[in-house]
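Taken in order, these protein sequences are the chains called A and B. Each residue of the first sequence is one higher than the one before, starting from 217 at the first, in the working numbering. Each residue of the second sequence is one higher than the one before, starting from 58 at the first, in the working numbering. Glycine residues also receive a C-beta, built at the ideal position from the N, C-alpha and C atoms. Only a predicted model underlies this, so the values are computations on that prediction, with no experimental measurement involved. A short worksheet on the structure shown next.
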Amino acid sequence: MNLTIEVNNNILTANQGDTILDALNQNGLSVPTLCHMKGLLPTGACRMCVVEVEGRKNLVTACSEPVLDGMKIKTHSGRVIESRKTIVELLLSNHPDDCLYCERNGSCELQDLAEDLHIRERRISGQKNKYKLDVSSASIVRDPAKCILCGRCVRVCEEIEGVSAIDFVGRGSKTFIDTFFNHGLNLSTCVNCGQCIMVCPTGALKEKDHICEIKDMLSDPEKTVVVQYAPSISVSLAEEFGLASGKNMVGVLNAALRRMGFNFVFDTSFSADLTIMEEASELVHRVTTGGTLPMITSCCPGWVKYAEEFQHDMIDNLSTCKSPQQMMGAIIKSYFAETESISPENIYSVSVMPCTAKKFEQQREEMSHNGISDVDAVLTTRELARMIRLYGIDIAKLEPELADSPLGTRSSAGKIFGTSGGVMEAAIRSAHYFITGKEMVKFQVKGVRGLEGRKEAKIKIGDLDVGVAVVSGLKNAEILMEEIRNGRKDIHFIEVMACPGGCINGGGQLIGTDDEAVKARMLSLYDIDEKDAIKVSHKNPYIVELYDKFLGKPLGHKSHHLLHTHYQKRFVN
Amino acid sequence: MKTTVQEILDQYQDSGRDSLIPILQNVQEKLGFLSEESVIEVSKFLKMPASKIFGVATFYNQFRFNQPGKYHVQVCRGTACHVLGSATVLEEVEKHLKVKAGQTTKDKLFSLEVVACIGACGLAPVISINGEFHAKVSTDTIKGIFDDYKNREE
Ligand code: SF4
Ligand code: SF4
Ligand code: SF4
Ligand code: FES
Ligand code: FES
Chain A
217 MNLTIEVNNN
227 ILTANQGDTI
237 LDALNQNGLS
247 VPTLCHMKGL
257 LPTGACRMCV
267 VEVEGRKNLV
277 TACSEPVLDG
287 MKIKTHSGRV
297 IESRKTIVEL
307 LLSNHPDDCL
317 YCERNGSCEL
327 QDLAEDLHIR
337 ERRISGQKNK
347 YKLDVSSASI
357 VRDPAKCILC
367 GRCVRVCEEI
377 EGVSAIDFVG
387 RGSKTFIDTF
397 FNHGLNLSTC
407 VNCGQCIMVC
417 PTGALKEKDH
427 ICEIKDMLSD
437 PEKTVVVQYA
447 PSISVSLAEE
457 FGLASGKNMV
467 GVLNAALRRM
477 GFNFVFDTSF
487 SADLTIMEEA
497 SELVHRVTTG
507 GTLPMITSCC
517 PGWVKYAEEF
527 QHDMIDNLST
537 CKSPQQMMGA
547 IIKSYFAETE
557 SISPENIYSV
567 SVMPCTAKKF
577 EQQREEMSHN
587 GISDVDAVLT
597 TRELARMIRL
607 YGIDIAKLEP
617 ELADSPLGTR
627 SSAGKIFGTS
637 GGVMEAAIRS
647 AHYFITGKEM
657 VKFQVKGVRG
667 LEGRKEAKIK
677 IGDLDVGVAV
687 VSGLKNAEIL
697 MEEIRNGRKD
707 IHFIEVMACP
717 GGCINGGGQL
727 IGTDDEAVKA
737 RMLSLYDIDE
747 KDAIKVSHKN
757 PYIVELYDKF
767 LGKPLGHKSH
777 HLLHTHYQKR
787 FVN
Chain B
58 MKTTVQEILD
68 QYQDSGRDSL
78 IPILQNVQEK
88 LGFLSEESVI
98 EVSKFLKMPA
108 SKIFGVATFY
118 NQFRFNQPGK
128 YHVQVCRGTA
138 CHVLGSATVL
148 EEVEKHLKVK
158 AGQTTKDKLF
168 SLEVVACIGA
178 CGLAPVISIN
188 GEFHAKVSTD
198 TIKGIFDDYK
208 NREE
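Structural data, given as structure tokens:
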């Protein structure tokens, strides 16, 4: 606090080197922004954040202008408001008037801006945008007509994910966002992470809808409809119901899913435990037999596709384990079908995921057996929230219930999968036991916890010094892979998640998820781990039973057939 | 055998991303347009995502992304032509050829481009086909003009 500034006639302090926007925010003041993205360099492109600075002829963009000592700033002068208003009116002039039918009705930044700036008449009318919907992708639907060209999707895709599947195409009033040679997302490098949806202010980007089909299946008497939910779901729903971020709602979630008509409710954290059994065994196998190292996790389908496209030479480093979603799917249509005497064709298997890439993963051809797909449909957290409303379920009136046995019981190791570092920590706990025959003295692996994009740690397992790295955001993965390629040998095991912070910040999470919400979700997961009795996957009694009764042993014949997969190089642009 | 694009890239060995536009210009000069494959080659050479190069290239009117047809049709949208109805002319040409501006017909006979004033304002609205000007074009005359070119092929 070494600068003194005057804002709207109040004397305030500011930090040298901050932007005007930072200074305002620190003092509890705000101006609207559109192209600005926290943590990325400002571009000053949209001019929504303009303020008046005494002595300056033109309005200045608060997000990109450094604050100076003695600056006199007006954030809401008549001139400023008029300027912002005109920008929004121009955006509205070619915007399809589609709010009532729009995914983002009620959570749209363009609506908010129009409302906040008190735009209540049409002063500028232009030709409405007309573009084809891009429905080519298994995960994401793009509607360029609703795009207001803020550029946030382009930047997140390039700067956070290192993918650059989309860019501005054309110029002037004909500019829009598109893929290489207008081929559509499906044929692009897009890894389906959905981070572009999370930053999009409007309904121009959304997930592919699976609700309609699921609704039909739920009312089909022939079908046994089962559902699984990912580890992060129960701690990511609270905001939707006006509760504090991070609150664990697992009990009412089970109840709500049953009210909708799902016949069996399972917890993907159970199959996360299963993943750990296989993956930790695979790690031990690779370490002891001189297999390809570092081994890299394969539970994030965004990362897997990215690796297939951009890191071909690392494909052998990827664990062959399927993701928890797909392991659960395979077990449901084999073991569960057998024990319940239901034919796999009559099981409709749904998963609830924080993730849009899971919709892509579900339809990969490797993810089926005898022409029957292991998972039939995937709901994002957002779609789940919509379904809860669609079925008129009042969460506040529900009594907590337990998930169904046996695929609904988990250790807390499976639960922490939802946050960056969780898979790593869970795997280390079991690998330690597999190698030394003893449990770790302290289960927490502090070095891999937290929301930073890259974490590294050295862990002692018996006589071994194991080097581990955890990255989230694929740009961070790219950098790490380059280091490995250039000869780094001190890392043996790597966890990669496409979404910054992991699945608690997944591309299928509620719109409006911010840093605080992500942090609260992470803390909630670690709190569950703290309080749970069973903290290691190999002690989950139902996992032990599953191996005894059905699978045999980790990496065994049946596991290989049901729980492991392979990858393919992909050539896309 | 080196591809045409590789030969061009050889001349840019030590240069970086700032050579993108000259490289693309060079490629278009040799190939007549920017093919997908050529953009991919340039993207590998400059270590720049192909989507970004496509995005940048579409910003400039000079670049084409379709193989030019045997007859290259330019519809003038300059001011004089505009005043005398070039918008309707363009619409009619697009309808007739069943392509949009920037595209090439399936039989590769015609490619369509929209241009600014081509210096024949007295003849407005005007279209040029392989450099031949067609004056005072109207929705009624368009079919005849194109039939003429088609007949030359038979
Ligand atoms: S889903 Fe991810 S990879 Fe695909 S366009 Fe969006 S940000 Fe890029
Ligand atoms: S699609 Fe959404 S995020 Fe991307 S530029 Fe358009 S409005 Fe912005
Ligand atoms: S980090 Fe999680 S939510 Fe994001 S793409 Fe990967 S699996 Fe999906
Ligand atoms: S938010 Fe500052 S210019 Fe866009
Ligand atoms: S405006 Fe068309 S030729 Fe000049």
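The beta carbon of residue 385 of chain A sits closer than 9 Å to some beta carbon of chain B.
Taking the C-beta atoms as reference points, residue 731 of chain A is found nearer than 9 Å to residue 667 of chain A.
Think of a sphere of 7 Å around the beta carbon of residue 93 of chain B: the chain A residues whose beta carbon falls inside it are 397, in chain order. Taking 8 Å as the cut-off, one finds at least one heavy atom of ligand 4 near enough to the beta carbon of residue 252 of chain A. At a Cβ-Cβ threshold of 9 Å, residue 516 of chain A and residue 537 of chain A do not count as neighbours. For residue 191 of chain B, the Cβ stays outside the 8 Å cut-off from all heavy atoms of ligand 5. When the alpha-carbon of residue 339 of chain A is set against those of A/369, A/272, A/301, the nearest one is in A/301. Taking a beta-carbon distance threshold of 9 Å, residue 374 of chain A counts as an interface residue toward chain B.
Around residue 789 of chain A, the beta-carbon contacts reaching into chain B at under 9 Å are 93, 96, 97, 100, 106, 107, 108, 111. In this structure, residue 318 of chain A has its beta carbon at no less than 8 Å from each heavy atom of ligand 5.
Linking residue 518 of chain A to residue 409 of chain A through their CA atoms gives a straight-line distance of about 5 Å.
Beyond the five residues adjoining it in sequence on each side, residue 453 of chain A comes within less than 6 Å, by CB distance, of 465 in the same chain, given in chain order. In this structure, residue 372 of chain A has its CB at a distance of at least 8 Å from all heavy atoms of ligand 5. Annotation for residue 433 of chain A: the continuous alpha helix (DSSP H) segment containing it runs 427-434.
Annotation note: the segment 457-516 of chain A contains the following uninterrupted alpha helix (DSSP H) runs of length 4 or greater, listed N- to C-terminal: 466-476, 484-505.
The beta carbon of residue 535 of chain A sits no closer than 8 Å to any heavy atom of ligand 3. Residue side-chain check: residue 671 of chain A keeps its Cβ at 8 Å or more from all non-hydrogen atoms of ligand 3. Setting aside the 5 residues that flank it on each side, residue 305 of chain A is surrounded in the same chain by 335, 339, 340, each with a C-beta closer than 7 Å to its C-beta; the list follows chain order.
The distance from the Cβ of residue 783 of chain A to that of residue 524 of chain A is about 5 Å, consistent with a contact at the 8 Å cut-off. A straight line joining the alpha-carbon of residue 586 of chain A with that of residue 766 of chain A spans about 19 Å. Taking the C-beta atoms as reference points, residue 299 of chain A is found nearer than 9 Å to residue 263 of chain A.
Sixteen is the threshold: when 16 or more other Cβ atoms of the shown chains lie within 10 Å of the Cβ of residue 542 of chain A, as they do, the residue is buried. Interface criterion not met: the Cβ of residue 693 of chain A is under 9 Å from no Cβ in chain B. Against chain A, the beta carbon of residue 120 of chain B has no neighbour under 8 Å; the closest one sits roughly 11 Å away. Taking the Cα positions, residue 247 of chain A is about 50 Å away from residue 88 of chain B. Of the heavy atoms belonging to ligand 5, none sits nearer than 8 Å to the Cβ of residue 66 of chain B. Listed in chain order, the positions of the segment 677-692 of chain A with a beta carbon within less than 9 Å of a beta carbon of chain B would be empty, since no residue qualifies.
Rounded to whole angstroms, the separation of the alpha carbons of residue 427 of chain A and residue 636 of chain A is 28 Å. The beta carbon of residue 659 of chain A sits closer than 7 Å to the beta carbons of 645, 751 from its chain, once the five residues preceding and following it are set aside; these are given in chain order. Look at residue 380 of chain A: its C-beta is under 9 Å from a C-beta on chain B.
Assigned with DSSP and collapsed to three states, residue 362 of chain A falls in helix. In the structure shown, the three-state DSSP call for residue 764 of chain A is helix.
With a cut-off of 8 Å, the C-beta of residue 376 of chain A is classified as distant from ligand 2, since no heavy atom of the ligand falls inside that distance.
In this structure, residue 722 of chain A lies away from residue 116 of chain B, with their beta-carbon atoms at least 9 Å apart. Residue burial is scored here from C-beta neighbours: residue 606 of chain A has fewer than 16 other C-beta atoms within 10 angstroms and is therefore classed as exposed. Counting other Cβ atoms within 10 Å of its Cβ, residue 547 of chain A reaches 16 or more and is therefore classed as buried.
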